[in-house]
Every structure is written in C-alpha cells, then in structure tokens.
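This report concerns only the one structure given below.
Chains as they are written, first to last, in this note's numbering: chain A, 1 to 256; chain B, 257 to 485.
If you want it as structure tokens, here you go:
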C-alpha cells in the first residue's frame, strides 16, 4: 500500500528543496512495542507544527528523533536535506530543543547555566555575555540571573531553558510540552517567541496536549495515536501518496 | 576558531561547570574525603591492634580506600548529567565527544587528588606508617593512579548512568578494569615506603603512566557511544 506523506507548509510559501524536516517511514520500536510507526512528513521552512496526542502517543519519541537524541529503528530523517541519522553532528548546530526536562544544573546560577550552554554551542567568546543578557531579559529573568536555579520554581526553570534556545539561532526549534508549569504571562511570552521564529523563517515543532492555550498561528496539527498518524488538520496541510507528488503543489493550502 | 582552541574551551567549560557546582555545594569533596577516612578507620579495626600487620597492609588499604571513595567522585560527577536530563542536552551540543570526556576526567582529577591528600596522612597516622623521604614517590603514585582512575571511572560512570542497576554495575565493570592500576599503585607504594631498595618504583610508575595513556585514549575515542542513546 502506498505510504501517505503529510506536507506542512506555511500558506503562501512555495515548496522549497530541501525541506526543513523530512521523514520517510520513520519508526521506533521500544521493547517489542511500536512507539512510532511509519511516519512520513515533510515540513517546509518557517512552518509551525503541533504534534498532539495522549500520553504514550509518540510525541516525545518523534521530537527526540528529530533532535538526534534518539535513533529511529527504521526510516530516514532529513533536516535541511542532511541525513540526521547518519550524520547527526552535521545537523545539531541547527537544532534547538526544549525537552520535558529543563537540563539545568541546580548548583549553577541562571547565567552560569547559559554561559556553559553558549560555550558548548560554539558561540564566540565576545558574543557570549551580550547574548546571555539579551536572552535572560527576553524571558524576563534578568533580575535572577545570578541566582542558583536549584531554588527556582518549575516555571522559572522553564524560562531559563527557553533563554538557552535564544542564545543561538536554530533553524529548527523543537518544544516538548513547552506549556508545562508556565503561567499566563509566560504563555504570552512563548506566543511572542513563536511569532518571532515564524518571522525569521525558523521551523517549529511543538509536542503538546495543551495546544489550545497557545495563540500563535499553527500551520499544521498532526494527531498521533499509538505511534501512528491518526488525523491531520490545519491551513498548511496537504497529503500525497508516492507517484502523485503533483498533488502537493496543487493543494498548498488545503484543510483536512 | 581552530578545532584545538574549541576543544580546550569545551574541556574548561565542562570541568569548570562541575568544579563550580560541587565546590559551591561542598557535598562531594567533604563526603568523599570523610567516607575514605572512615573506610581506612574500619579497615584498621578489622585488622586489629597489631601495628606491624597494620603497617604491612597500609599500602593496599590506602589504595582500596582511594578507589572506594573515588567511585563516589566519578558517580556523583556523572549524576550531575543525569539529574534533570542534562546528559541528553550535553550529547546534543555540537562539541567534540573526546573534549567532553576530557572535561569530565579533568573535573574528577582534583577531587581524587584531594582524597589522596587526606587519605595519605590518615594512613600514616592510623597505620603507624612513616612517610618521610618516600613522599615524592608517593605523590607521583597518587597523581598517576588518580589520573588513571579518573580516565576509567569517568567512562564507566557515563556508560552505566542511564542503566537501572547503575549502582551495582559501576563497581562490577570498573573494578576488574582497574586491577592493573591497583596492582601497580600498591607495588609502587610498597616500594616507596620501603625506601625503594630495588629501584622498582620507577618501573611501576612507568606501568601506571602507560595504563593512563591507553585508558584516556580509549575513553576519548569511544565516549561518543556513551553519550549517545
């Protein structure tokens, strides 16, 4: 049976070659079970994609594979046309991940955590301090820059982790349950960041089951159930099957 | 920026991050040193009051205490990466895996040397050992032994970090691999304390140095597989 490929493209944006994200028959098995089964998607640069589903649907597995934190059991992942499975080191500088965990060191201050991240990301030394200052100010954490994150609330930790994403200029941002522990003002902040990323042509993939709290435009929603694509919706969605790729060009703004 | 400059930046960043955090909390240096001293004390109890027997066993017991307390060091430094998912983020940075490994080894080394600085005089006091002129050879033995232990311990602590039974697996995997290090370090310590009558300290130190070089090279070359999934 021909495999359906889901295209997600911001309305009005022509198909580019290569896509920001392209997966083919992407699968991941865990202990005999299927965490992700045969997912084929193509996301154009600048698109904002929401991945929805209940617990265990495969959202985090998909994001971790796209982030190169997890290897797929089968299938291909191309990021900007680069094989992310075979050469993860080539795509990592382009990716920003905010995972379930904030990945912060409790005994370091917010700015020390960001300084470490900036150095590890290869940001040139003269740029490090200005970028830390800008990033912390953007997430409204400048006043606690020199406080140890071990004393922060879950929401404050989330903001510092968001600031870490702002240190670099990732072309692909992956947000796993970004709304967890965020208050209303932080959700507004995230909406603002999503709008900024959209303006910069940054592709964003968000896994969440609280999608309705976000106000930023989403071009495509992928609903996962038991690791498989159950439904798709959104203004930038089109589906094609192999051999009928012209459909994608004919339906740039189809709603499903 | 050259690759070497970039790697040096990564090594300093990883080691500096661990030092800063642990010196701020003080849990690791105080806890490991206290555990090592208590271990020496308990070994002394087990051997009884015979001063000659204690002095004869001192080199082996010193190194056993250093290794047991050293396991706390490498295990704690690895735990920093498993808390709050930091290890996964560490793996995603576009930094050389070898440089990250060398950063973790560099982070462990001062804590292991601190253990040596505490446990060597403690051994002298508890086991009636006269260090005197043997001090330079003993310091060299502790430096080389600590470096080798950091090289192997960092690798295996990373390897077992995400395993369920990591507390059991770490000593099971680590202790057999460091058997040559333990042998060479104990023999060098015995020879140094005896005044090196057969000029054998240098050859044992040479064996320790060779062990260190091989282990750090293997660790740096293969740490990528430890960091990845």
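Even glycine gets a Cβ: it sits at the ideal position worked out from N, Cα and C.
In chain order, 69 make up the part of chain A whose C-beta sits under 8 Å from the C-beta of residue 347/B.
One finds nothing in chain A with a Cβ atom closer than 8 Å to the Cβ of residue 287/B; even the nearest lies about 14 Å away.
Listed in chain order, the non-local C-beta contacts of residue 13/A below 7 Å within the same chain comprise 44 and 46, local neighbours out to five positions each way being set aside. Cβ-Cβ separation between residue 371/B and residue 297/B: approximately 15 Å, too far for a contact (criterion under 8 Å). Beta-bridge pairing by DSSP links residue 48/A to 204/A. Residue 27/A: member of the beta strand (DSSP E) spanning 21 to 30, first to last residue. Within its own chain, the residues whose Cβ lies closer than 6 Å to the Cβ of residue 29/A, once the five positions on either side in sequence are excluded, are 73, listed in chain order.
Within the region 167 to 203 of chain A, the complete alpha helix (DSSP H) segments at least 4 residues long are 184 to 200, listed from N- to C-terminus. Pairing residue 379/B with residue 419/B, the inter-Cα distance amounts to about 35 Å.
Between the alpha carbons of residue 434/B and residue 289/B lies a gap of roughly 21 Å. Partner residues in the beta bridge of residue 223/A, as assigned by DSSP, are 52/A and 231/A. Separation of residue 481/B and residue 92/A (C-alpha to C-alpha, rounded to the nearest whole angstrom) is 16 Å. Straight through space, the alpha carbons of residue 307/B and residue 467/B are spaced by roughly 33 Å. Judged by pairs of C-beta atoms under 8 Å, the region 449 to 469 of chain B touches the region 425 to 441 of chain B, as three or more such pairs exist. When DSSP states are grouped into helix, strand and coil, residue 41/A belongs to the strand group. Residue 82/A is bridged by DSSP to 79/A. Spanning the alpha carbons of residue 127/A and residue 80/A requires a straight line of approximately 26 Å. Here residue 134/A is not bridged, per DSSP, to any residue.
Annotation: residue 483/B to residue 259/B spans about 20 Å, alpha carbon to alpha carbon. From the listed residues 66/A, 17/A, 124/A and 19/A, the smallest Cα separation to residue 27/A is found for 66/A. Within the model, the alpha-carbon separation for residue 376/B versus residue 429/B is close to 26 Å. For residue 394/B, the closest alpha carbon among the candidates 295/B, 266/B, 475/B and 461/B is that of 461/B. Per the Cβ contact rule, the region 176 to 185 of chain A is in contact with the region 146 to 160 of chain A (3 or more Cβ pairs under 8 Å).
Using a Cβ-Cβ cut-off of 8 Å, residue 176/A is close to nothing in chain B; its nearest Cβ partner there is about 10 Å away. By the rule that beta-carbons nearer than 8 Å mark a contact, residue 52/A does not touch chain B.
The beta carbon of residue 139/A sits closer than 6 Å to those of 159, 162 and 163, all from its chain and outside the five residues before and after it, given in chain order. By the Cβ rule, the region 186 to 200 of chain A counts as touching the region 208 to 215 of chain A, because three or more pairs are nearer than 8 Å.
DSSP places residue 96/A inside the beta strand (DSSP E), whose first and last residues are 95 to 98. Take the alpha-carbon of residue 237/A and the one of residue 405/B: they are about 56 Å apart. In chain order, 69, 99 and 103 make up the part of chain A whose C-beta sits under 7 Å from the C-beta of residue 344/B.
Shown here for residue 390/B: same chain residues with a beta carbon closer than 6 Å to its own, the five before and five after excluded, namely 448 and 449 in chain order. Residue ranges of uninterrupted beta strand (DSSP E) with 3 or more members are absent from the region 330 to 416 of chain B; none lies entirely inside it.
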